[in-house]
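With numbering that gives the first Met the number 0, the residue at position 45 of the sequence shown is 44, and numbering never jumps. Notes for the one structure printed next.
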Amino acid sequence: MKVISEEYLVVGRIVKPHGLLGEVKAILPKNIAEIFTSFEEVIIATPAGREIMTTTAKRVRATPKGYLIAFEAISSIEEAERLRNTHIYVKKTSLPKLGEGEYYFFQILDSKVYDEDGEELGHVVDLIETGSNDVAVVRADGGEEKLVPLVKEYVVELNLSKRRIVVKKAAVV
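Okay, here's the thing in structure tokens:
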């Protein structure tokens, strides 16, 4: 098995098989799920980045707890079982350009978060999609986690290239 190169990025995680025909249950950010079938190729790999297969997605369906994906290369529950707890990669260059103020989750993860006085609050360890806005889960050095809504009213600065987010104090929950 070859190791995934830096030109690829993790966009989701396969949780388990679903049904007898090879579909899998997966966790994907909404902005990736909406365009998932447009990717020319996706790579399924172990969490350590060792490639298992290259394929394309035939179909993606939303469920209350994630997405169901049918891949071209998978047609049975036995084949799908091999993909349990694996990661889904795509080429970074295959992602569509986003508009002003938009971002992909991977661009926010690990960003340092500061309040408007310059005090470091921690770094982004997860993002929660609430439907109306995204909420960053920010972990301080001591392990304490805080929730920060990523909305215009609270975000003073969002610098993706420097991986830096500045928020108003009122934003921190």
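For every residue, glycine included, the Cβ atom is placed at its ideal position computed from N, Cα and C.
Item	Value
Limits of the alpha helix (DSSP H) - the one that LYS151 falls within	Per DSSP, LYS151 belongs to no alpha helix (DSSP H) and is neither H nor E.
One or two residues paired with GLU144 in a DSSP bridge	ARG138
Boundaries (first-last residue) of the alpha helix (DSSP H) holding PHE104	104 to 107
6 angstroms Cβ shell around SER74 - same chain, five flanking residues per side excluded	GLY21
Separation of VAL165 from TYR102, as counted between CA atoms	16 angstroms
Euclidean distance between Cα positions of LEU19 and LEU157	44 angstroms
Rounded C-alpha distance that separates PHE104 from HIS122	14 angstroms
Opposing strand residues paired with ARG163 [DSSP bridges]	LYS111 and ASN158
When TYR88, THR62 and LYS64 are compared against ALA56, the one with the closest alpha-carbon	TYR88
Rounded C-alpha distance that separates LEU82 from GLY117	44 angstroms
Integer-rounded CB distance, given that LYS168 should sit under 8 angstroms from ASP114	5 angstroms
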